[in-house]
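So the structure is just underneath, and the comments pick up after that.
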Amino acid sequence: MNEYYDFLDRQLNDVLGTDLEFNILLGAEPYKLEPDVRHGFFDRYALIKEFQEITLSLFNASLNGEADPEIASLIINELPENQGWNYHKDLNLKDTPVFFRTDEVIPGKICEIQCPASLWGICEQLYHFYKHFGFQITSFNKSLSESFSDALTQYLGTSPLIHHLADHSSIPHDVRFFIQQTRKHGLKYFTYDKGVTPYNCNFIRAHIFMGLWTDNYASERLAQYKAGTINYDLPPAILFDEKMLYMLPFWHKTRHYYPDQIRDIFPYTQLITPEGFELEDGTNISIEDFCKRSQKQRDYYFKYASSDFLIKWGSKGVYLASTFSGIKIRQFFEDIIKDYVQKRYWIIQKAYLTDDVTDYITRDNELVNINVHSKFSGFYGPSGLMGILIMQRPFYKVHGSTDTIVRISC
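End of the sequence shown = 418 in my numbering, gap-free, step of one.
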């Protein structure tokens with residue numbers, strides 16, 4: 009029996025009453041970040057919130073005819089009419105995400121911000137695992153569940169009563185594990201704790217905008233939200249549930265609203281149109297000219313940036329242009345332009361691939377050394393940074409998979 013994986017398996021099953029296993033790979037030791045890199049994660053919180061506030065203001069201004077209507081149109085894109093322009097205009101959204109996770113292709117370059125995202129439970133597990141086996145974790149003096157519980161209680165100013173809609177999470181048992189861990193710190197949940205009903209919850213969590221509409225109490229809660237009596241983690245709007253907003257700091261119609269410090273924390277990103285797109289140097293390139301480039305010169309990602317969760321869920325709709333042949337990339341662009349006509353938009357984003365070498369432990373107690381690409385994720389709440397997770401994989405898409413190695417920052 010492998011004592012390390014046995015510990016992780018028991019963590020899950022003792023809490024959840026299940027028969028599951030920790031089904032990703034365990035990093036042999038915590039990840040050591042240089043002090044300035046670690047501090048950067050703390051410092052970026054203020055810039056992320058400023059980015060979200062500027063974007064929210066632009067979106068509302070566009071909806072109300074005070075800014076270019078194309079801004080809101082690109083974001084609302086293919087939503088059904090009852091959740092589209094009039095809904096968002098009447099909503100007059102005031103809030104930005106409360107708890108979220110960044111995905112950074114290299115520290116300091118955020119390719120996506122997800123609210124609330126998955127992997128909170130895995131980060132929590134690894135914190136207790138490494139502490140149990142004697143590793144020093146000095147970056148954070150609390151577990152993620154304790155930091156979350158403290159931050160939410162302070163944010164609400166009262167005892168949190170939570171309904172977490174977990175159906176659209178990519179790792180549902182990870183969510184359930186994290187829920188149970190936070191209950192140890194005094195949080196209470198609908199369907200878990202007596203006295204918590206659908207009608208007295210004051211904090212609603214869902215993993216996608218559409219998930220809020222599958223809630224049986226969606227209409228009542230939206231009315232409560234407008235009256236100011238409940239809070240959402242992911243606000244009840246599409247704005248922060250799409251990749252479209254990452255091109256706004258670079259787009260010719262909106263970039264002047266964002267300071268350079270905000271632009272610097274994101275990879276260069278542009279909207280793909282039938283005419284092509286703008287490059288980093290300010291020149292425009294046609295689709296045909298981009299296709300003529302060598303594969304090495306196509307170090308960009310294609311990313312679906314609209315609202316269909318069947319395409320954007322779980323790292324779907326993400327492709328590395330440098331892996332396509334000349335024929336394949338032309339065919340792909342044809343599909344992108346067909347989508348564009350139907351308001352299904354794609355962005356192109358500069359690729360950063362970190363080449364790293366790491367060790368992981370197998371369930372057979374073998375120590376394996378492997379070449380990988382890395383992704384760095386900061387977990388944030390109203391109090392700022394609460395944890396850092398590093399995922400590594402021998403593939404350009406680094407996400408939760410059975411061949412993904414995970415560790416936390418020490």
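C-beta: ideal position from N, C-alpha, C; glycine also.
The structure presented is a predicted model; accordingly, all values stated were derived computationally and were not measured.
Could you tell me which residues DSSP puts in a beta bridge with residue i?
i, result
"residue 228", "None; residue 228 has no bridge partner."
"residue 214", "173"
"residue 354", "312"
"residue 379", "365"
"residue 239", "211"
"residue 431", "This structure does not reach residue 431, given that the chain is present from 9 up to 418, and the question cannot be answered."
"residue 252", "Answer is none; residue 252 lacks a bridge partner."
Output yes or no for whether 7 Å exceeds the beta carbon distance between residue i and residue j.
i, j, result
"residue 217", "residue 246", "yes"
"residue 36", "residue 369", "yes"
"residue 279", "residue 337", "no"
"residue 341", "residue 329", "no"
"residue 208", "residue 164", "no"
"residue 92", "residue 83", "no"
"residue 425", "residue 138", "The question about residue 425 has no answer, for the chain in this structure spans 9 to 418."
"residue 391", "residue 147", "no"
"residue 32", "residue 414", "yes"
"residue 132", "residue 186", "yes"
"residue 275", "residue 117", "yes"
"residue 79", "residue 66", "yes"
"residue 394", "residue 403", "no"
"residue 410", "residue 401", "no"
"residue 313", "residue 360", "no"
"residue 86", "residue 351", "yes"
"residue 195", "residue 157", "yes"
"residue 251", "residue 76", "no"
"residue 269", "residue 55", "yes"
"residue 357", "residue 277", "yes"
"residue 223", "residue 173", "yes"
"residue 30", "residue 22", "no"
"residue 115", "residue 219", "no"
"residue 190", "residue 167", "no"
"residue 382", "residue 364", "yes"
Does DSSP classify residue i as helix, strand or coil?
i, result
"residue 407", "coil"
"residue 179", "coil"
"residue 112", "strand"
"residue 78", "helix"
"residue 414", "strand"
"residue 197", "strand"
"residue 398", "strand"
"residue 374", "coil"
"residue 21", "helix"
"residue 273", "coil"
"residue 202", "coil"
"residue 167", "coil"
"residue 264", "helix"
"residue 187", "helix"
"residue 73", "coil"
"residue 245", "coil"
"residue 343", "helix"
"residue 146", "coil"
"residue 221", "helix"
"residue 360", "coil"
"residue 192", "coil"
"residue 157", "helix"
"residue 15", "helix"
What distance in whole Å lies between the Cβ atoms of residue j and residue i, which are believed to be in contact at a cut-off of 8 Å?
i, j, result
"residue 107", "residue 122", "Not quite, the Cβ-Cβ distance comes to about 10 Å (not below 8 Å), so this is no contact."
"residue 184", "residue 71", "Contact doesn't hold; Cβ gap of about 37 Å is too wide."
"residue 15", "residue 215", "Not really, about 28 Å apart at Cβ, beyond 8 Å."
"residue 34", "residue 12", "6 Å"
"residue 242", "residue 43", "Contact flag wrong, Cβ pair sits at about 33 Å."
"residue 380", "residue 366", "5 Å"
"residue 287", "residue 63", "Going by Cβ atoms, the distance from residue 287 to residue 63 rounds to 23 Å, so no, they are not a contact pair."
"residue 178", "residue 408", "7 Å"
Could you tell me whether the Cβ of residue i comes closer than 7 Å to any Cβ of chain C?
i, result
"residue 12", "No chain C appears in the structure shown, which is made up of a single protein chain."
**OP:** Could you name each continuous beta strand (DSSP E) segment of 3 residues or more that falls completely within the segment 276-339, going from the start of the chain to the end?
**Re:** Those beta strand (DSSP E) runs which fall completely within the segment 276-339 and span 3+ residues are 277-279, 308-312, 326-328.
**OP:** Return the chain-ordered ranges of every alpha helix (DSSP H) run that is complete within the segment 80-143 and spans a minimum of 4 residues.
**Re:** Runs of the alpha helix (DSSP H) inside the segment 80-143: 93-99, 128-140.
Subject >> Segments of 3+ residues assigned as beta strand (DSSP E) that fall wholly inside the segment 25-69 >> reply: Entirely contained in the segment 25-69, the beta strand (DSSP E) runs reaching 3 residues are, in chain order, 33-35.
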